[in-house]
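Using the working numbering, the letters of the sequence shown correspond one by one to residues 388 to 506. Virtual Cβ for every residue (Gly too), placed ideally from N, Cα, C. The structure presented is a predicted model; accordingly, all values stated were derived computationally and were not measured. Step one of this worksheet: look at the structure below.
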Amino acid sequence: MRFSTENESLLKSFFTSKDKEKVVAIANKRLEAKTNKLLEAMGSEYSTLVDACDILDILWDKVNDLKIINTEVSRLASSLLISVNENKRQEKELAQCHDRISVVQGELLNLEKVSRTER
């Protein structure tokens, strides 16, 4: 790693100075100034990047919302399928009951005919 003359000077000052906090404060100010220059140079690109990140965060939240909705829809579809199958089963049972009633009614009619003829 290559240090600039400015950084070498700061590093030497840090090891030789009795007031290390002052040297660190100077280094922090220089770093802040360089960071600000970089942000200014980036200007609208940085702003656009921040906006894009905000949009990505919103989209990610929407994706997660859709996953939750999809899970709920799947759960409801499963419940509906169970209900439909149960209704089909009950309809089949009801049809069988109607068939049995028809058979019993037929037997009752036959018994009535037989009892009338026997009288």
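So the alpha helix (DSSP H) SER465 belongs to, where does it begin and stop?
As a working note, residue 465 is residue 78 in the sequence shown. Run containing SER465: 407-505, per the alpha helix (DSSP H) assignment.
First and last residue of the uninterrupted alpha helix (DSSP H) at SER400
Numbered from 1 along the sequence shown, position 13 holds the residue referred to as residue 400. Start and end: 392-403.
Tell me the rounded alpha-carbon separation between ALA414 and GLU393.
By 1-based counting over the sequence shown, the position of residue 414 is 27. By 1-based counting over the sequence shown, the position of residue 393 is 6. Answer to the nearest angstrom: the Cα atoms are 10 Å apart.
Which value, in whole angstroms, describes the spacing of the CA atoms of LYS421 and GLU427?
Here residue 421 is taken as the residue at index 34 of the sequence shown, counted from 1. Here residue 427 is taken as the residue at index 40 of the sequence shown, counted from 1. Between LYS421 and GLU427, the C-alpha separation is close to 10 Å.
Integer-rounded CB distance, given that VAL410 should sit under 8 Å from LEU397:
The count along the sequence shown starts at 1 and reaches residue 397 at position 10. The count along the sequence shown starts at 1 and reaches residue 410 at position 23. Confirmed, Cβ separation roughly 6 Å.
Do you know offhand how far GLN483's Cα is from THR504's?
One-based indexing of the sequence shown puts residue 483 at position 96. One-based indexing of the sequence shown puts residue 504 at position 117. So the alpha carbons of these two residues sit roughly 31 Å apart.
How many angstroms separate the CA atom of ARG487 from the CA atom of ASN472?
For the purposes of this step, residue 487 is identified with residue 100 of the sequence shown, where counting begins at 1. For the purposes of this step, residue 472 is identified with residue 85 of the sequence shown, where counting begins at 1. CA-to-CA, the gap between ARG487 and ASN472 works out to about 23 Å.
Span separating the alpha-carbon of SER404 from that of VAL437
On the sequence shown, position 17 is the one that residue 404 refers to. On the sequence shown, position 50 is the one that residue 437 refers to. Looking at the two C-alpha atoms, the distance is approximately 40 Å.
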